[in-house]
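Visitor:
Protein chains: 2
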Amino acid sequence: MADRDGRGCCVIMAGGRGTRFWPLSRRQRPKQLLPLASDRSLLRETFERVAPLVGPQRVLVITSGDLAAPTAAELPELPAANVIAEPVGRNTAPCAVLGMGIAARLAPGQPVALLPADHLIPDDGVFREQLAAAFARADEAGGVVTFGIPPTRPETGYGYLEVGPPAEHAPDDLRPGVAFVEKPDRARAEQYLLDGCHLWNSGIFVWSAGAFARAVVTHIPDVVERLAPAIAAHGTAGFPAALESAYEDCPAESIDYAVMEKLPSFEVMEARYGWSDLGSWSAWGDLAPELPDAGRGMGQVVGLDSADNVVHAPDKLVALIGVRDLVVVDTGDALLICPRSSDQKVKEVLARLEADRREDLL
Amino acid sequence: MADRDGRGCCVIMAGGRGTRFWPLSRRQRPKQLLPLASDRSLLRETFERVAPLVGPQRVLVITSGDLAAPTAAELPELPAANVIAEPVGRNTAPCAVLGMGIAARLAPGQPVALLPADHLIPDDGVFREQLAAAFARADEAGGVVTFGIPPTRPETGYGYLEVGPPAEHAPDDLRPGVAFVEKPDRARAEQYLLDGCHLWNSGIFVWSAGAFARAVVTHIPDVVERLAPAIAAHGTAGFPAALESAYEDCPAESIDYAVMEKLPSFEVMEARYGWSDLGSWSAWGDLAPELPDAGRGMGQVVGLDSADNVVHAPDKLVALIGVRDLVVVDTGDALLICPRSSDQKVKEVLARLEADRREDLL
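These protein sequence lines are chains A and B, in that order. Residue numbers for the first sequence, in the working numbering: -5 to 356. Residue numbers for the second sequence, in the working numbering: -5 to 356.
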């Protein structure tokens, strides 16, 4: 059994585009590289959240080829080999297999956490404590512990984890997993909010050293076989070429569908820390500082008869008169205005800009 | 009787602050100095509209002290003495008396037009033709001809001119004036829209050489007396000091209330040209170029599910998703967002900025 301190390894998945944060996010500066919650990027915050527990040597970051340089620049403490760039995107399964495989070589026999780079978790200390407990539990049980977030609204945009009551003598934040539940409709989401046995799937998984390998060999042997030579080449001069070759015809599969949902058993750690996936400008706004008579956000705002707006405009004065529930994001070269309820449609704007070949704004 | 061509004199009132066009307008760059309708400022357009008729030597521009330099810079063709700066604002009567008095010295015996610097009149040729006719008519009748705009909506924000039917043998655009009518309520405005005997008062007046002098001596003799020494000193080195002294305790009166509404008779020329007072961003938007799927205005706009917005943002891309009837004005240092129906409240924002001593934004 691992100690609750100083053990384990972390694989941060940092390849997302985060197009929902346009116009602040761009191809070369996606969501995880933006300072959305503090003066540090979300990636940097994620790194600083886990590094005190496992040490920077045992943090791996998986990103995409074009983001390797800005990602490495964000984390100068990280050994260069710990930033791994996927040559092309092949959904999440190859990314997870690659990261977990390299982690197993970096920290043989240790439990490994797989976590997203772009979520907001304000309570670093509480998170580390629970992560340490999850490392210990995964190690002890030889299985997987996923983090579940107690729902605070009938959210239809997340998957859920169905859980049973805590076992006798087990810590009361550790629940037996019953099932991975897909995004529910509104009625079901309302039921989940109240029934006490559904938690949001936050996408943070902690595996024992052997359990991940067993699961992927069972469920996605083709992906494992394809990536094995690249994993073996990590740390050598041949790694980039091996990775290129492995990804060339690697199947694109989702780790959730292909592996997680087929697990015969799993455990769930019920998060005691604050959490947001910052899935949109509106979600960001819920947690941003208050702007009097205007809403929430960042910027100098003069508000008249206005409320519940989300503003991100650090470089100018914004005057809002008689408007509600708007998202307003201003950068030097672009301005977005939409109702909070339409903030997911930013992607359609990006599609238009792409069609117009506005590379400067993508 | 003056010819329809080459006679007359024009006094352009260019002292307005135009705060309703914030954040584009600023103290040193008020509405009349903004290129709101073309690449030329409204003042420059007004000047170019009248100069071909009367000649630049016979155009006077009255502005405020702090705007004298940018005003003169807009009109390099104008003799320096033709830009006259009021030391302080004393409402419109002193401004009119001063301008008309100096005009009478510049062009003795000639009819004089008094007109605002910040209106939009796209049909320069038609305007000049009617202005020449008004000069001729004022001169012939020894009276005053005001320009009336046929109403196109039940506007409650303007004063109206009540008119009678054209006299026999008179041009059909010349109507006898019945009364100056104050801003009406909605019900009255709707009646005026349909009854054929009410026109919008556009604030453009053409006086015969003697009529203005007689009217102001009758109705505001104190203002005339106060300003006479300054008018006499125009063109001499003593002018600025004389003007300073004249304005120091000059009564602040409105030319409309104190003089126009008391006229025993007047005539109205029914405008055949397009006109807008550009009284707000929304009014500006009505005449601005179309922005597909977004509304009207200036800028590169990507619109989705949006309509009827007014956008002025020449220096960036604006993405509008699912918004209607908004005013969006972006400058390097400020951004205004409000419903079109609230665009008059910009003044409240300015009051707040003034209280916060944001001189950089005023």
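In this text, a Cβ means the ideal position worked out from N, Cα and C, and glycines have one as well.
Using a Cβ cut-off of 8 Å (strictly closer), state whether C332 (chain B) contacts chain A.
Guide: Counted from its first residue, the second sequence places residue 332 (chain B) at position 338. Yes, because at least one Cβ of chain A sits closer than 8 Å to the Cβ of C332 (chain B).
Visitor: Look up F174 (chain A) in the DSSP assignment and say whether it is helix, strand or coil.
Guide: As a working mapping, residue 174 (chain A) is identified with position 180 in the first sequence. Three-state DSSP puts F174 (chain A) in a strand.
Visitor: Taking only beta-carbon positions, decide if S336 (chain B) is within less than 8 Å of chain A.
Guide: Counting from 1 along the second sequence, the entry for residue 336 (chain B) is found at position 342. Output row for S336 (chain B): interface = yes.
Visitor: Anything in chain A within Cβ reach of G324 (chain B), meaning under 9 Å, just list it in chain order.
Guide: The residue given as residue 324 (chain B) occupies position 330 in the second sequence. Correcting the residue identity first, residue 324 (chain B) is Asp in this sequence and not Gly. The contacting residues are K310, D324, L329.
Visitor: Spatial neighbours of L114 (chain B) within its chain, please: CB distance less than 6 Å, with the 5 preceding and 5 following residues excluded, ordered by chain position.
Guide: Translated into positions along the second sequence, residue 114 (chain B) becomes position 120. Excluding positions up to five away in sequence, the list reads A31, S270, L272.
Visitor: In three-state DSSP terms, what is V317 (chain B)?
Guide: Indexing the second sequence from 1 puts residue 317 (chain B) at position 323. Coil at V317 (chain B), not helix or strand.
Visitor: Please compile the residues from chain B whose C-beta is within a distance smaller than 8 Å of the C-beta of A265 (chain A).
Guide: Numbered from its first residue, the first sequence carries residue 265 (chain A) at position 271. The contacting residues do not exist; A265 (chain A) stays about 33 Å from chain B at best.
Visitor: For the candidate residues B:E247, B:P46, B:G279, whose alpha-carbon lies nearest to that of V120 (chain B)?
Guide: Here residue 120 (chain B) is taken as the residue at index 126 of the second sequence, counted from 1. Per the Cα distances, B:P46.
Visitor: Leaving out the 5 sequence neighbours to the left and right, which residues in its chain are closer than 6 Å to A288 (chain A) when beta-carbon positions are compared?
Guide: Reading the first sequence from its first residue, position 294 is the one you call residue 288 (chain A). Counting only Cβ-Cβ distances below 6 Å, and skipping sequence neighbours, we find V295, G297, S300, N303, L314.
Visitor: Would a check of beta-carbon distances place V106 (chain B) closer than 8 Å to chain A?
Guide: Taking the first residue of the second sequence as 1, we reach residue 106 (chain B) at position 112. It does not; no Cβ of chain A falls within 8 Å.
Visitor: How would you write the range of the beta strand (DSSP E) that V253 (chain B) sits in, first residue to last?
Guide: Within the second sequence, numbered from 1, the residue matching residue 253 (chain B) stands at position 259. From DSSP, V253 (chain B) is part of no beta strand (DSSP E); its letter is neither H nor E.
Visitor: Using a Cβ cut-off of 8 Å, pull out every chain B residue sitting near V343 (chain A), in sequence order please.
Guide: Translated into the one-based positions of the first sequence, residue 343 (chain A) becomes position 349. Near V343 (chain A) (Cβ distances below 8 Å), the residues of chain B are V296, L298, A313, I315.
Visitor: Please report whether the beta-carbon of D18 (chain B) lies at a distance below 8 Å from any beta-carbon of chain A.
Guide: Numbered from its first residue, the second sequence carries residue 18 (chain B) at position 24. Per the sequence presented here, residue 18 (chain B) reads as Leu, with Asp not at that position. Chain A, which has no Cβ nearer than 8 Å to the Cβ of L18 (chain B), makes this no.
Visitor: Could you tell me which chain A residues have their CB closer than 9 Å to the CB of K339 (chain B), listed as they occur along the chain?
Guide: Within the second sequence, the letter at position 345 stands for residue 339 (chain B). Near K339 (chain B) (Cβ distances below 9 Å), the residues of chain A are L298, D299, I315, G316.
Visitor: Find out if the Cβ-Cβ distance for the pair A90 (chain B), A79 (chain B) is shorter than 8 Å.
Guide: Translated into the one-based positions of the second sequence, residue 90 (chain B) becomes position 96. Translated into the one-based positions of the second sequence, residue 79 (chain B) becomes position 85. Cβ distance not < 8 Å, so A90 (chain B) and A79 (chain B) don't count as in contact.
Visitor: Report yes if the C-beta distance between V138 (chain A) and E156 (chain A) is below 8 Å; otherwise report no.
Guide: What you label residue 138 (chain A) is simply residue 144 of the first sequence in a count that begins at 1. What you label residue 156 (chain A) is simply residue 162 of the first sequence in a count that begins at 1. No.
Visitor: Could you spell out where the alpha helix (DSSP H) holding C89 (chain B) opens and where it closes?
Guide: As a working mapping, residue 89 (chain B) is identified with position 95 in the second sequence. 86 to 100 is the span of the alpha helix (DSSP H), which, as asked, contains C89 (chain B).
Visitor: Measure the alpha-carbon distance for E68 (chain A) versus G9 (chain A) and round it to whole angstroms.
Guide: Numbered from its first residue, the first sequence carries residue 68 (chain A) at position 74. Numbered from its first residue, the first sequence carries residue 9 (chain A) at position 15. About 14 Å.
Visitor: Using only the alpha-carbon positions, how far apart do D250 (chain A) and M292 (chain B) sit?
Guide: In the first sequence, counting from the first residue as 1, residue 250 (chain A) sits at position 256. In the second sequence, counting from the first residue as 1, residue 292 (chain B) sits at position 298. Going by the C-alpha atoms only, they are around 47 Å apart.
Visitor: Quickly, what does DSSP pair T140 (chain A) with across the bridge? List them, please.
Guide: On the first sequence, residue 140 (chain A) is found 146 positions in, with the first residue counted as 1. A:F199, A:V262, per the DSSP bridge assignment.
Visitor: From which residue to which residue does the alpha helix (DSSP H) around V5 (chain A) run?
Guide: Residue mapping note: residue 5 (chain A) aligns to position 11 of the first sequence, counting from 1. Premise fails: V5 (chain A) lies in the beta strand (DSSP E), 3 to 7, not in any alpha helix (DSSP H).
Visitor: Give the DSSP-derived three-state secondary structure of Y186 (chain B) in the structure shown.
Guide: Here residue 186 (chain B) refers to the residue found at position 192 of the second sequence. Y186 (chain B) falls in the helix class under three-state DSSP.
Visitor: What are the uninterrupted segments assigned as alpha helix (DSSP H) that are 4 or more residues long and contained completely in the stretch 15 to 75 of chain B, given in chain order?
Guide: 36 to 48, 62 to 68
Visitor: Around the C-beta of A98 (chain A), are 16 or more other C-beta atoms found within 10 angstroms, so that it is buried, or is it exposed?
Guide: By 1-based counting over the first sequence, the position of residue 98 (chain A) is 104. By the neighbour-count rule (16 or more Cβ atoms within 10 Å), A98 (chain A) is buried.
Visitor: Taking 7 Å as the limit between beta carbons, can you name the residues of its chain near K177 (chain B), skipping five residues before and five after?
Guide: To locate residue 177 (chain B), count along the second sequence from 1; it is residue 183. These residues qualify, in order along the chain: T150, G151, Y152, G153.
Visitor: Grouping DSSP H, G and I as helix and E and B as strand, with all else coil, what is R346 (chain A)?
Guide: Here residue 346 (chain A) corresponds to residue number 352 of the first sequence, with the count starting at 1. Reduced to three states, the DSSP call for R346 (chain A) is helix.
Visitor: According to DSSP, what are the bridge partners of S270 (chain B)?
Guide: Numbered from its first residue, the second sequence carries residue 270 (chain B) at position 276. Answer is B:L114.
Visitor: I'd like to know if R359 (chain A) contacts chain B, where contact means its C-beta is closer than 8 Å to some C-beta of that chain.
Guide: Nothing in the structure corresponds to residue 359 (chain A), since chain A is present only between -5 and 356.
Visitor: My assumption, with CB atoms under 8 Å, is that T40 (chain B) sits in contact with I6 (chain B). Please give the rounded CB distance.
Guide: Within the second sequence, numbered from 1, the residue matching residue 40 (chain B) stands at position 46. Within the second sequence, numbered from 1, the residue matching residue 6 (chain B) stands at position 12. Right, their Cβ atoms sit about 6 Å apart.
Visitor: Would you list, in chain order, the members of the stretch 176 to 205 of chain B that have their beta-carbon closer than 7 Å to a beta-carbon of chain A?
Guide: none
Visitor: With a threshold of 8 Å, are at least 3 pairs of Cβ atoms found where one atom belongs to the stretch 332 to 340 of chain A and the other to the stretch 12 to 19 of chain A?
Guide: Yes: at least three Cβ pairs fall under 8 Å.
Visitor: Any idea what DSSP makes of R352 (chain B), helix, strand or coil?
Guide: Mapped onto the second sequence, residue 352 (chain B) falls at position 358. Correct three-state label for R352 (chain B): coil.
Visitor: By the three-class DSSP mapping on this structure, what secondary structure does Y241 (chain A) have?
Guide: Start at 1 with the first residue of the first sequence, and residue 241 (chain A) comes out as number 247. If DSSP states are grouped into helix, strand and coil, Y241 (chain A) belongs with the helices.
Visitor: How big is the Cα-Cα spacing for E261 (chain B) and A203 (chain B)?
Guide: Within the second sequence, residue 261 (chain B) is the residue found at index 267, counting from 1. Within the second sequence, residue 203 (chain B) is the residue found at index 209, counting from 1. So the alpha carbons of these two residues sit roughly 16 Å apart.
Visitor: Could you spell out where the alpha helix (DSSP H) holding V357 (chain A) opens and where it closes?
Guide: Since the first residue shown for chain A is -5 and the last is 356, residue 357 (chain A) is missing from the structure and cannot be characterised.
Visitor: By the 10 Å Cβ neighbour count, where 16 or more other Cβ atoms means buried, how is K25 (chain A) classified, buried or exposed?
Guide: To locate residue 25 (chain A), count along the first sequence from 1; it is residue 31. K25 (chain A) is buried by the Cβ-count criterion.
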